[in-house]
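The sequence shown begins at 0 in numbering that gives the first Met the number 0 and counts up by one. We treat Cβ as the ideally placed atom computed from N, Cα and C, and that holds for glycine. None of these values were measured; they are calculated from a predicted model. See structure below.
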Amino acid sequence: MKSSLQGWGSGLLGVVIFSGSLPATRVAVADFTPLFLTSARAALAALLGAACLFALGQPRPKPSDLISLAIVAIGVVIGFPLLTALALEHINSARSIVFIGLLPLATAVFAVLRGGERPRPAFWLFSGLGSAIVVVFAISSGGSGSLTGDLYMIAAIIVCGLGYAEGARLSRRLGGWQVICWALVLSAPLMAALALATLPSSWQAIGTPAWLGLAYVSVFSMLVGFVFWYRGLALGSIAGVGQLQLLQPFFGLTLSGLVLGEPIAASMLVATAIIVFCVALARRFA
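Quick look at the structure:
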C-alpha cells in the first residue's frame, strides 16, 4: 500500500512538472527559434542524463534496443518539443494544452499497434468522441485559433504517444528513467550540432523569461519530469498511475493563466473537461 501511494505521489509530481512545459515553451519561443529551442533543450538534458547514467553505473543498452530508443528519441526528445514549439508560434499555450487531453488516447492507440493490446469496443467509442470534440473546438473557436498551429499540435500528440508507448515497452527491460536518459544520449550528437547551427544571431536580444523557459524545458520537462513519471509507473501501475496524465490539461491551463496572463475562455475549459471525461472512459475500457 505504501509503495502504491508513493507511486501515485511520484506520478502526480511528474504530471505537474510536465504541465509547465507548454507555458515555458511559449515564453522561450518569443526569443528563440523553435529549432534552436528543441535542439538546445535536448543537448542540455543529454549532458545531465549522461552524468546520471555514468554516476549510477548503468549498463549500456543492447544493440537490439537501439531501434526502440531511436523511436523514443524521435517521439519525445525531438518530435514533440519541435512540433509544440512550432505550434506555439501560431497559438497560445492555453489553446495548445487542450490538445494534451488527447495524449493518453494517442499512447493507448500505439500500445495497440506496438504492444498488441486489444481494448474493448467501448474504448473506441469514447476515444472517437473525444477526438471529435477536439476537431469541433478547433474549428469553432474563431480568431483565437490557427489551423497551422492546430495541425502542429495534432502531429505533436501523435509522435509523443508513439514515444511514450515505445518507452513504456522498453522500460520493462531497461528501467524507466534509464530509457529517457539513453534516448537523450543517443540523440545528443545530432541535437548538439543542430543547436550550434541555429545559434541566435544576437544574445543581447534574448530576455530573461526566454532563458528561464529554456532552463525549465531542458532540466524539468526533458529529464526530471520523466524521473518522477516513470518512478510512479514502476511503483504503482501503468494503467492506474497513467490516468494521472488526464489532469495535465487542467494544471497547464491554470499555469497559462497565472504565469502568462493568457485569457482562458469558458469554451476552452468545457472542451478540455469533455475531452478528459471521454479519454477517462476510454481508458476504463482499454
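Mind checking residue i: buried by the 16 CB within 10 Å criterion, or exposed?
i      : result
Trp176 : buried
Thr24  : buried
Ala265 : exposed
Leu146 : exposed
Trp181 : buried
Phe53  : exposed
Pro120 : exposed
Ala39  : buried
Thr207 : exposed
Arg230 : buried
Val134 : exposed
Gly166 : buried
Gln244 : buried
Is residue i helix, strand or coil when you go by DSSP?
i      : result
Gly100 : coil
Val135 : helix
Phe79  : helix
Val28  : coil
Phe227 : helix
Ile273 : helix
Ala264 : coil
Pro22  : helix
Ile90  : coil
Arg113 : helix
Gln203 : helix
Arg119 : coil
Gln5   : helix
Residue i CB to nearest chain C CB: under 8 Å?
i      : result
Leu254 : Chain labels in this structure do not include chain C; a single protein chain is all it has.
What residue does the alpha helix (DSSP H) around residue i start on, and which one ends it?
i      : result
Gln247 : Gln247 to Val258
Val71  : Leu65 to Val71
Leu46  : Pro33 to Ala54
Trp210 : Thr207 to Tyr215
Can you give, in chain order, each stretch of the beta strand (DSSP E) that sits fully within the stretch 145-200 and has at least 3 residues? none
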